[in-house]
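Colleague: Below are the structure tokens for one structure; questions will follow.
There are 2 protein chains.
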Amino acid sequence: MSKQKRFLLNEDELPRQWYNIQADMINKPLPLLNPATREPLTAEDLSHIFANECAKQELDTEHAWIDIPEEVLRRYSYYRSTPLVRAYALEEALGTPAHIYFKNESVNPLGSHKLNSAIPQCYYCKQEGVKNVTTETGAGQWGAALSYAAKSFGLECAVYQVKISMLQKPYRSSIMRTFGATVTGSPSMSTRAGKDIITADPNHPGSLGTAISEAVELATTTPDCKYTLGSVMNHVSLHQSVIGLEAEKQMKMAGEYPDMIIACFGGGSNFGGLAFPFMRHQLKGEGKKIDFIAAEPESCPKLTKGKFEYDFGDTAGYTPLLPMYTLGHEFKPANIHAGGLRYHGAGTIVSQLLKDGYLRGVDIPQLESFDAGLLFARTEGIIPAPESCHAIAATIREAKKCKETGEEKVILFNLSGHGLIDMTAYDSFLNGDLV
Amino acid sequence: MSKQKRFLLNEDELPRQWYNIQADMINKPLPLLNPATREPLTAEDLSHIFANECAKQELDTEHAWIDIPEEVLRRYSYYRSTPLVRAYALEEALGTPAHIYFKNESVNPLGSHKLNSAIPQCYYCKQEGVKNVTTETGAGQWGAALSYAAKSFGLECAVYQVKISMLQKPYRSSIMRTFGATVTGSPSMSTRAGKDIITADPNHPGSLGTAISEAVELATTTPDCKYTLGSVMNHVSLHQSVIGLEAEKQMKMAGEYPDMIIACFGGGSNFGGLAFPFMRHQLKGEGKKIDFIAAEPESCPKLTKGKFEYDFGDTAGYTPLLPMYTLGHEFKPANIHAGGLRYHGAGTIVSQLLKDGYLRGVDIPQLESFDAGLLFARTEGIIPAPESCHAIAATIREAKKCKETGEEKVILFNLSGHGLIDMTAYDSFLNGDLV
Chain D
160 MSKQKRFLLN EDELPRQWYN IQADMINKPL PLLNPATREP LTAEDLSHIF ANECAKQELD
220 TEHAWIDIPE EVLRRYSYYR STPLVRAYAL EEALGTPAHI YFKNESVNPL GSHKLNSAIP
280 QCYYCKQEGV KNVTTETGAG QWGAALSYAA KSFGLECAVY QVKISMLQKP YRSSIMRTFG
340 ATVTGSPSMS TRAGKDIITA DPNHPGSLGT AISEAVELAT TTPDCKYTLG SVMNHVSLHQ
400 SVIGLEAEKQ MKMAGEYPDM IIACFGGGSN FGGLAFPFMR HQLKGEGKKI DFIAAEPESC
460 PKLTKGKFEY DFGDTAGYTP LLPMYTLGHE FKPANIHAGG LRYHGAGTIV SQLLKDGYLR
520 GVDIPQLESF DAGLLFARTE GIIPAPESCH AIAATIREAK KCKETGEEKV ILFNLSGHGL
580 IDMTAYDSFL NGDLV
Chain L
160 MSKQKRFLLN EDELPRQWYN IQADMINKPL PLLNPATREP LTAEDLSHIF ANECAKQELD
220 TEHAWIDIPE EVLRRYSYYR STPLVRAYAL EEALGTPAHI YFKNESVNPL GSHKLNSAIP
280 QCYYCKQEGV KNVTTETGAG QWGAALSYAA KSFGLECAVY QVKISMLQKP YRSSIMRTFG
340 ATVTGSPSMS TRAGKDIITA DPNHPGSLGT AISEAVELAT TTPDCKYTLG SVMNHVSLHQ
400 SVIGLEAEKQ MKMAGEYPDM IIACFGGGSN FGGLAFPFMR HQLKGEGKKI DFIAAEPESC
460 PKLTKGKFEY DFGDTAGYTP LLPMYTLGHE FKPANIHAGG LRYHGAGTIV SQLLKDGYLR
520 GVDIPQLESF DAGLLFARTE GIIPAPESCH AIAATIREAK KCKETGEEKV ILFNLSGHGL
580 IDMTAYDSFL NGDLV
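The listed protein sequences correspond, in order, to chains D and L.
Positions 160 to 594 (this note's numbering) are the ones given, in order, by the first sequence.
Positions 160 to 594 (this note's numbering) are the ones given, in order, by the second sequence.
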């Protein structure tokens with residue numbers, strides 16, 4: 160085992176293909192359904208809202224490996240590989256025999272893993288002659304990444320940001336505006352869906368569900384406009400697989416292999432991105448068994464307390480019906496600071512894999528998440544995003560178990576983003592105002 | 160010439176020694192003077208406020224190369240090398256034949272180059288049995304870096320932050336508190352110096368000069384406490400030389416050599432860090448001549464409009480007398496957002512080199528700096544710190560000249576930090592509220 164702290168890949172070692180776990184799944188995800196007809200949706204149906212190529216990738220259960228376009232590879236090389244880091248200082252503070260590694264997705268200019276999918280989605284839109292992209296965002300990590308990617312491909316970008324998150328972290332909308340995007344708090348009066356939601360509840364704090372409804376409505380009522388999504392969908396997990404593919408090579412550089420893989424869980428993009436490339440061996444019955452853990456907030460517990468059923472992806476019911484673990488599309492999450500985890504449902508791939516026993520969910524109270532984030536900051540020097548704090552908290556739980564048992568387990572978690580735009584959350588926590 | 164965008168060094172290629180330009184200067188900097196006796200200060204005198212080793216480095220005009228301690232090397236390897244990046248997208252937007260490179264010092268967890276000196280300063284304090292460190296900070300980049308470094312070495316940390324900067328960027332004090340530091344706005348009523356300043360001017364917005372006075376007073380009246388500084392002093396430029404030493408190797412990887420080197424200028428630490436390792440060849444009359452440019456704000460023009468004379472480093476007159484280009488230690492800078500550039504004087508090394516014609520200053524109006532920062536963000540995807548915007552503006556001026564003349568000049572500038580904590584400044588700019 161190396162004593163090295165950081166592991167980086169050279170440009171020629173970067174993955175040149177994404178990994179599509181659907182091709183290797185024993186039970187494929189159930190189809191998306193047209194809510195009116197209950198018929199399975201085709202790629203052509205989906206391409207009315209998504210870029211054609213993304214619609215195709217969404218339903219592809221045949222090809223395990225999909226070539227990354229040259230232009231996307233070129234842009235990935237601007238910030239990838241991201242470092243795999245051994246958290247020696249955190250281990251020491253915990254007094255654990257566990258070996259803790261994290262994949263640091265916070266180091267790109269936009270501060271989170273979201274850029275990995277924003278680049279290809281905007282690339283495909285540009286290729287297909289689209290002029291405008293629209294989306295929803297919670298904490299704003301996806302919105303920030305999309306705003307930059309859109310600008311760099313010459314696309315206009317309109318973002319609906321969850322209202323409560325917009326108020327909690329005003330700098331994120333400033334970042335999106337700096338990259339030239341239009342940002343609107345959701346629910347808003349600018350769409351039919353938003354008006355209906357506000358009429359029913361004038362104080363609705365917004366959710367990813369309300370913001371998706373508004374963005375989809377804008378996309379379907381605007382010429383040359385496509386909708387893009389930062390999580391939940393299969394093609395997003397596909398793009399995010401670069402995280403796990405890199406991590407696999409980097410763990411080899413470190414001379415270790417994970418016993419556990421942990422990520423926070425909103426819709427599944429950072430979890431799937433890290434986990435699926437490792438899980439592919441398990442699906443084939445090969446290699447060492449890994450304990451895959453998705454850490455969700457106690458206040459939005461779809462994996463641990465949700466039901467597996469067909470549900471809408473948004474509040475207004477504009478999306479296809481998705482087969483998923485869900486708290487119901489009208490679920491109103493508490494105003495926790497981890498805005499990216501305030502979503503009622505899990506992606507269809509993760510839902511099927513959870514049903515089949517390949518991963519487990521754990522739920523983390525908000526205070527425990529910030530306790531973990533503070534310890535991580537003070538040891539490893541990186542202030543983590545409130546979302547990522549959930550992965551850190553789950554990691555610390557497991558590392559403490561190792562301390563009790565004396566096991567030298569190898570734990571790998573995903574640091575999905577930094578928390579520099581979330582300092583009001585840390586202020587509240589340090590002042591004792593958080594519950 | 161490579162078409163590559165980013166150039167990184169392997170861990171075994173990182174510099175193992177700092178470069179001390181004082182040893183190679185033809186005219187050495189004039190001595191620091193005791194204000195009472197007008198006698199030159201010794202390292203022993205300086206060690207009353209600074210760590211002994213820093214005091215020694217400050218006056219070392221003999222050794223051009225100083226070993227970096229193993230523990231400091233280890234911590235550097237956590238985030239270094241920083242990338243050297245070719246700004247293709249910025250070049251394209253400007254339509255310039257110039258080749259623009261930047262050294263991206265914004266990628267470490269604390270967001271700026273300041274960590275390069277915070278680590279060794281805290282390391283030496285720890286080695287010498289010091290328990291507390293204190294400092295001043297403007298925008299808070301130095302304060303944030305020191306807070307983390309202090310925590311990681313088990314030292315207590317007290318920071319005086321310039322009051323106007325604290326109000327302009329509240330997240331920076333949150334960051335410092337997250338790392339366990341005590342943060343006080345300066346001028347404050349907690350020191351004799353602060354009380355005097357407030358009594359004379361109750362609305363004093365603070366300056367690096369007022370904050371230095373308070374921090375020095377705290378250090379000299381507290382047991383086991385040393386003062387640390389993030390710029391101006393020679394030992395800080397020494398530590399920052401890792402920037403230029405890496406950049407020299409990275410430019411070689413890119414197959415080019417700079418015609419111009421540009422950095423923003425507050426006290427001189429990021430400028431000296433990048434420039435001095437390249438300037439050493441010039442001092443020996445070797446190699447291609449480089450045009451060194453220090454970019455200061457129009458509202459704090461010490462290099463272009465200051466006088467070369469002995470002056471205090473702080474408002475209250477607690478520091479030694481420093482031979483430097485200065486606007487006078489009672490100069491009250493305008494409330495520009497580039498808080499790190501609101502300092503009345505230049506470091507003694509840079510001042511001597513400017514006098515001897517090795518570099519030139521340019522002054523940049525605030526609006527021009529944000530115009531440049533916005534273009535950089537929208538092309539290269541990184542929102543630059545308001546300080547760094549000055550270097551970008553100076554770079555753009557030169558790149559536009561190249562467009563006129565058709566010259567393919569190679570320009571290297573220092574991206575000293577990111578601007579994610581300065582989004583209120585970008586908001587004001589985008590709203591048209593800035594002058």
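We treat Cβ as the ideally placed atom computed from N, Cα and C, and that holds for glycine.
(1) Taking the alpha-carbon positions, what's the Lys-262(L) to Glu-405(D) distance?
(2) Roughly how many angstroms lie between the CA atoms of Gly-425(D) and Leu-571(D), to the nearest whole one?
(3) According to a CB-to-CB cut-off of less than 9 Å, which residues of the region 383 to 417 of chain L neighbour chain D?
(4) Keeping to the same chain, check which residues put their C-beta closer than 7 Å to that of Met-438(D); ignore five residues upstream and five downstream.
(5) If we call anything under 8 Å between Cβ atoms a contact, is Ala-277(D) one with Tyr-260(D)?
(6) Listing by chain order, which chain D residues have their CB less than 7 Å from the CB of Ile-334(L)?
(7) List, in order along the chain, the chain L residues whose C-beta lies closer than 8 Å to that of Leu-533(D)?
(8) Going by beta carbon distance, what residues of the same chain come within less than 7 Å of Ser-400(L), once the five residues before and after it are set aside?
(9) Which word fits Val-375(D), buried or exposed, when buried means at least 16 other C-beta atoms lie within 10 angstroms of its C-beta?
(10) Any Cβ of chain L within less than 8 Å of the Cβ of Pro-174(D)?
(11) Find the residues of chain D that neighbour Pro-268(L), judging by a C-beta separation of less than 7 Å, and give them in chain order.
(12) Rounded to whole angstroms, how far is the Cβ of Gly-270(L) from the Cβ of Gln-300(L), which I believe are closer than 8 Å?
(13) Taking 8 Å as the CB-CB limit, is Leu-574(L) close to chain D?
(14) What does DSSP give as the partner residues of Leu-571(L) in its beta bridges?
(15) Between the alpha carbons of Leu-139(D) and Val-391(D), how many angstroms are there, rounded?
(16) Whole-angstrom Cβ separation of Glu-264(D) and Thr-241(D), contact assumed at under 8 Å?
(17) So, is Lys-385(D) buried or exposed, given that buried needs 16 or more other C-beta atoms within 10 angstroms?
(18) Quick one: does Ala-622(D) have its CB under 8 Å from some CB of chain L?
(19) Residues of chain L with CB under 9 Å from Lys-290(D), in chain order?
(20) Among the candidates Ile-421(L), Lys-162(L), Glu-373(L), whose CA atom is the shortest distance from the CA of Asn-573(L)?
(21) Give the DSSP-derived three-state secondary structure of Ala-558(L) in the structure shown.
(22) Going by DSSP, what residues sit across from Cys-384(L) in a beta bridge?
(23) Contact criterion: CB-CB distance below 8 Å. Does Leu-192(L) meet it with respect to chain D?
(24) Taking the C-alpha atoms as reference points, what is the distance between His-440(L) and Arg-175(D)?
(25) What is the rounded straight-line gap between the Cα of Ile-356(D) and the Cα of Lys-322(D)?
(26) Please report the residue range of the alpha helix (DSSP H) in which Phe-338(L) lies.
(27) Identify, in the order they occur along the chain, each residue of the same chain with its Cβ nearer than 7 Å to the Cβ of Ser-510(L), setting aside the five sequence neighbours on each side.
(28) Starting from Gly-520(L), trace the beta strand (DSSP E) in both directions and tell me its first and last residue.
(29) Under 8 Å between the Cβ atoms of Cys-316(D) and Ala-210(D)?
(30) For Ser-236(D), go through chain L and note every residue whose CB falls closer than 9 Å to its CB, in chain order.
(31) Would you say Ser-311(L) faces chain D, with C-beta separation under 8 Å as the test?
(32) For Tyr-282(L), which of helix, strand or coil comes out of DSSP?
(33) From the DSSP output, read off the bridge partner residues of Cys-316(D).
(34) What does a CB cutoff of less than 6 Å around Tyr-330(D) pick up in its chain, not counting 5 residues either side in sequence?
(35) Sorted by chain position, which residues of the same chain lie with C-beta nearer than 7 Å to Val-395(L)'s C-beta, five sequence neighbours on each side aside?
(36) With a floor of 4 residues, list each alpha helix (DSSP H) that falls wholly inside the region 223 to 261 of chain D, ordered by position along the chain.
Modeller: In brief:
(1) Whole-angstrom Cα-Cα distance: 25 Å.
(2) 18 Å
(3) none
(4) Ile-180, Phe-451, Tyr-517
(5) no
(6) Ile-542, Met-582
(7) Thr-337
(8) Taken in chain order, the residues that qualify are Trp-177, Tyr-178, Gly-432, Phe-435, Pro-436.
(9) buried
(10) Judged by the 8 Å Cβ criterion, Pro-174(D) is not in contact with chain L.
(11) Gly-540, Ile-541
(12) 7 Å
(13) no
(14) Tyr-260(L), Ile-420(L)
(15) It is not possible to answer for residue 139(D), since the shown part of chain D is limited to 160 through 594.
(16) 5 Å
(17) Buried, because 16 or more other Cβ atoms sit within 10 Å of the Cβ of Lys-385(D).
(18) Chain D is shown from 160 up to 594; residue 622(D) falls before or after that span and cannot be answered.
(19) None at all; the shortest Cβ gap to chain L is about 18 Å.
(20) Ile-421(L)
(21) helix
(22) Asn-291(L)
(23) no
(24) 42 Å
(25) 13 Å
(26) In this chain, Phe-338(L) is not harboured by any alpha helix (DSSP H), its DSSP state being neither H nor E.
(27) Only Phe-467, Pro-482, Met-483, Tyr-484 meet the Cβ criterion.
(28) 519 to 523
(29) no
(30) What Ser-236(D) touches in chain L: Gln-163, Lys-164, Arg-165.
(31) yes
(32) helix
(33) Val-292(D)
(34) Ile-580
(35) In chain order, Ser-276, Leu-388, Gly-389, Ser-428 place their CB closer than 7 Å to the CB of Val-395(L), counting only its own chain and leaving out the 5 sequence neighbours on each side.
(36) 229 to 235, 247 to 253
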